[in-house]
Amino acid sequence: MKRKFGLLPRVVLAIVLGVVCGCFLPGWMTRVALTFNAVFGQFLEFVIPLLIFGLVAPGIADLGRSAGRLLALTAALAYGFTLISGFGTYFVGRALFPSLLAGAEVTLPEAGEVLTPYFTIAMPPVMGVMSALVLAFVLGLGMAYTHSVTLKSTLDDFKRIIELVIIRVIIPLLPFYIFGIFLSITQSGQVASVLGVFVKLIVVIFLLTVVLLLFQFSVAGLAARRNPLRMLRTMLAAYVTALGTQSSAATIPVTLERTLRLGVRPELASFVIPLCATIHLSGSMMKITACALAVAMIAGLELSAGTFAGFILLLAVTMVAAPGVPGGAIMAALGLLESMLGFDETLCGLMIATYIAMDSFGTATNVTGDGAVAVIVDAIDRKRRKER
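Residue -12 is where the sequence shown starts when you use my numbering, and the numbers rise one by one after that.
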C-alpha cells in the first residue's frame, strides 16, 4: 500500500536539506533557489488578499444564515476561548521569551544581501489585505442579512477555487520555499540560533496547550458540575486522532462520538461539533501568537501591546476562514502578519515553517476543546429548559 508523505515530514526534510546544502552548495545553485523564492513570494503577495476575501465572505454568510440562539452561544464561547488563548499566550510569551530566547537574536538576511535571484516577476495584488478583509465582512454580513442565493453561490465557487490553489499549488510548493529560506539562513551563519528557537517554542507551546485544555474543561466542569479531568480523559481519543489527521474536519466523527460519551445530547452535539470544527481555533491561535511573538523578537521588531491586541482580535475572526487542510490557519493569517506586524517574505516563511512543525498540537487542542464547548452549551441549554 502506498504511504502518503505528509506536509510535516516534507517541511522537516526541507529544513534539514536547507541546512545541509547551505554548507556546500555553489553560488549558482543558491541563486536558483533564491529565484524560486522571489517568484513564489510574489505569488503569495498576490494570492493573500484573494485568499482572505474568498474564504472569509462565504464563511460569515454561512454562519449568518444558520443564525440562532444556540449558534450565537456556541460562536461566543468559541471566540471567547480563542481570544483567551491568544492573549494568554501573548502575556506568557512576553514574560518567558526574553530570557528563553536570549542570545537568539538573528538578523535575517535579505534575499539579495549576498546572492541575488536571477530574475523575479512582479505580481501586485488586486487589493490590500485590509481592503479584502473589510470587503469580506461587508459582503458576508450582507449575504446573511438578504439571504442572497446568486451571490452566495458565486462566492462559494470562488472559495472552492481558492481552496484548490492552497491545496494544489501553495501547500505542495511550501517545502521548496522553506528549503530556500533555510539555505539562505545557513549560508549567513545563523541557522543554529533559528533551530534553537524552534525547539524551545515546541516545548513551550505543548505545555501551554495542556494548560489551555485544563482551563477549558475546568469551565465545562463548573457548568455541568462534572469532573473536568474525567471529561478530558474521555476526549483523549479525539486528541490522538487529530495528531494524526492534522485536520479538525477529518476528526469530526471521533470528536462527535467522544462528545456523546460526555453526556451531551445527540441533537446538540451533532450541531455544535461540526460548527466548532470551523470556528473554534484556540490551539491554532496559541501557535500563531507564540510563533509571531518569537519571530518578531529574534528579528528585532519592536511591536507594541496594542498592535498585538489588534492582531489577535482580527486573527480570531480571520482564521474562521481557514480551510480544513494542514497549514490552513497560517495561510489565512499571512495577510495580517504582513499588514499589521510588518513581517516580510523571510519572516513569513519562518512563521510557516515553525507553525507547520507544531500543526498537530494545535489541531488536537482545537478538537479536544470542542468537547468542552459542547458540554458548556448543553449545560446552559438544559438550565434554560428547566427554567421554562
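Using N, Cα and C, we set each Cβ at its ideal position, and we do this for glycine too. Please read all numbers here as calculations on a predicted model, not as lab measurements.
Worksheet item: Out of curiosity, what's the CA-to-CA distance linking A281 and F169?
Response: Taking C-alpha positions only, A281 is separated from F169 by approximately 17 Å.
Worksheet item: If you follow the alpha helix (DSSP H) that S257 is part of, which residue opens it and which one closes it?
Response: Counting along the chain, the alpha helix (DSSP H) containing S257 begins and ends at P253 to I266.
Discussion item. Assuming contact is defined by CB atoms lying nearer than 8 Å, are E32 and M130 in contact in what I supplied?
Written reply: It is not a contact, given that the beta carbons lie outside the stated cut-off.
Discussion item. Measuring straight from C-alpha to C-alpha, what distance separates T352 and A344?
Written reply: C-alpha separation (whole angstroms): 15 Å.
Worksheet entry | Candidates L337, V362 and A361, of which the one nearest G167 by Cα | It is L337 whose Cα lies nearest to the Cα of G167.
Worksheet item: Can G225 and V362 be called in contact, C-beta distance under 8 Å?
Response: It is worth fixing the name first, because residue 225 is Ala in this sequence and not Gly. For A225 and V362, no; Cβs fall outside 8 Å.
Practice prompt. Measure the alpha-carbon distance for I158 versus P253 and round it to whole angstroms.
Written response: Roughly 36 Å between the two C-alpha positions.
Discussion item. Do L288 and G329 have their beta-carbon atoms positioned less than 8 Å apart in this structure?
Written reply: The Cβ-Cβ distance between G329 and L288 falls below 8 Å.
Practice prompt. Pull up the CB-CB distance for F27 and L199, whole angstroms please, since I reckon it's below 8 Å.
Written response: With 8 Å as the limit, F27 and L199 do not qualify as a contact, their Cβ atoms being about 34 Å apart.
Discussion item. For P45 and L142, which I take to be in contact (beta-carbon distance under 8 Å), what is that distance rounded to the nearest angstrom?
Written reply: 5 Å between Cβ atoms; contact.
Discussion item. Classify M273: buried if its beta carbon has 16 or more other beta carbons within 10 angstroms, exposed otherwise.
Written reply: In the assembly as shown, M273 is a buried residue. Its beta-carbon has 16 or more other beta-carbons within 10 Å.
Discussion item. What does the alpha-carbon distance come out to for the pair E374 and I2?
Written reply: Straight across, the Cα-Cα distance linking E374 with I2 is about 58 Å.
Worksheet item: I165: which of R(-3), L87 and A320 sits nearest, CA to CA?
Response: Taking I165 as reference, the option from R(-3), L87 and A320 with the minimal CA-CA separation is R(-3).
Worksheet item: Could you give the distance in angstroms between the alpha-carbon of T173 and the alpha-carbon of V6?
Response: One alpha carbon belongs to T173, the other to V6, and they sit about 6 Å apart.
Discussion item. Pop quiz: Y105 and T22 are said to be a contact at Cβ under 8 Å. What is the actual Cβ separation, rounded to whole angstroms?
Written reply: Contact holds; Cβ gap of about 5 Å.
Discussion item. Using the Cβ count rule (16 or more neighbours within 10 Å means buried), how would you classify A82?
Written reply: When all chains shown are included, A82 counts as exposed.
Practice prompt. Using the Cα positions of V190 and G183, report the straight-line distance between them to the nearest angstrom.
Written response: Rounded to the nearest angstrom, the two C-alpha atoms are 11 Å apart.
Worksheet item: Taking the alpha carbon of V259 as the point to measure from, which residue in A320, V364 and I148 has its own alpha carbon closest?
Response: Nearest of A320, V364 and I148 to V259, Cα basis: V364.
Worksheet item: Just the Cα atoms here: how many angstroms apart are L4 and I148?
Response: One C-alpha to the other measures close to 32 Å.
Fill in: Neighbourhood of I108 by C-beta, 7 Å cutoff - its chain only, sequence neighbours within 5 removed
Excluding the 5 residues flanking it on each side, I108 has same chain C-beta neighbours closer than 7 Å at V26 and Q29, in chain order.
Discussion item. Please report the distance separating the alpha-carbon of L38 from that of A319.
Written reply: A straight-line Cα-Cα distance of about 7 Å links L38 and A319.
Item to complete: Buried or exposed for E332, please, with buried defined as at least 16 other CB atoms from any protein chain shown within 10 angstroms of its CB.
Response: Classification for E332: buried.
Discussion item. What does the Cβ neighbour count give for Y132, buried or exposed, with the cut at 16 atoms within 10 Å?
Written reply: Classification for Y132: exposed.
Worksheet item: How many angstroms separate the CA atom of Q203 from the CA atom of T242?
Response: Taking the Cα positions, Q203 is about 16 Å away from T242.
Worksheet item: When DSSP labels each residue in this structure, what does N24 get in the three-state scheme?
Response: Here N24 sits in helix by DSSP.
Item to complete: Determine the direct distance from the alpha carbon of L70 to that of L300, and round the result to whole angstroms.
Response: If you take the alpha carbons of L300 and L70, they lie about 7 Å apart.
Worksheet item: Run through DSSP, which three-state label would F11 get?
Response: Secondary structure of F11 (DSSP, three-state): coil.
Worksheet item: Expressed to the nearest angstrom, what Euclidean distance is found between the alpha-carbon atoms of L290 and I153?
Response: L290 and I153 have their C-alpha atoms some 29 Å from each other.
Worksheet item: Does DSSP put E374 in a helix, a strand or coil?
Response: E374: helix per DSSP, three-state reduction.
Item to complete: Below 6 Å CB to CB, which residues in the same chain sit around L95 once its five sequence neighbours on both sides are set aside?
Response: With a pLDDT of 48 at L95, under the threshold of 50, the predicted position of this residue should be treated as unreliable, though the coordinate-derived value follows. These residues qualify, in order along the chain: A286 and T333.
Worksheet item: What do you reckon, are the CB atoms on D339 and A277 nearer than 8 Å?
Response: Here residue 339 is Ile; the residue named in the question, Asp, does not match the sequence. Contact: no.
Item to complete: Compare the C-alpha of L323 against each of K187, P36 and R217 and name the closest.
Response: Here the closest residue by C-alpha is P36.
Worksheet item: R77 lies in the alpha helix (DSSP H); which residues open and close that run?
Response: With the sequence shown as reference, residue 77 is identified as Tyr, and Arg is not the correct amino acid for it. In this chain, the alpha helix (DSSP H) harbouring Y77 covers R56 to L87.
Worksheet item: Using the C-alpha atoms, what's the distance from A48 back to L194?
Response: So the alpha carbons of these two residues sit roughly 36 Å apart.
Fill in: C10 versus L219 - alpha carbon distance
In this structure, the CA atom of C10 is about 46 Å from the CA atom of L219.
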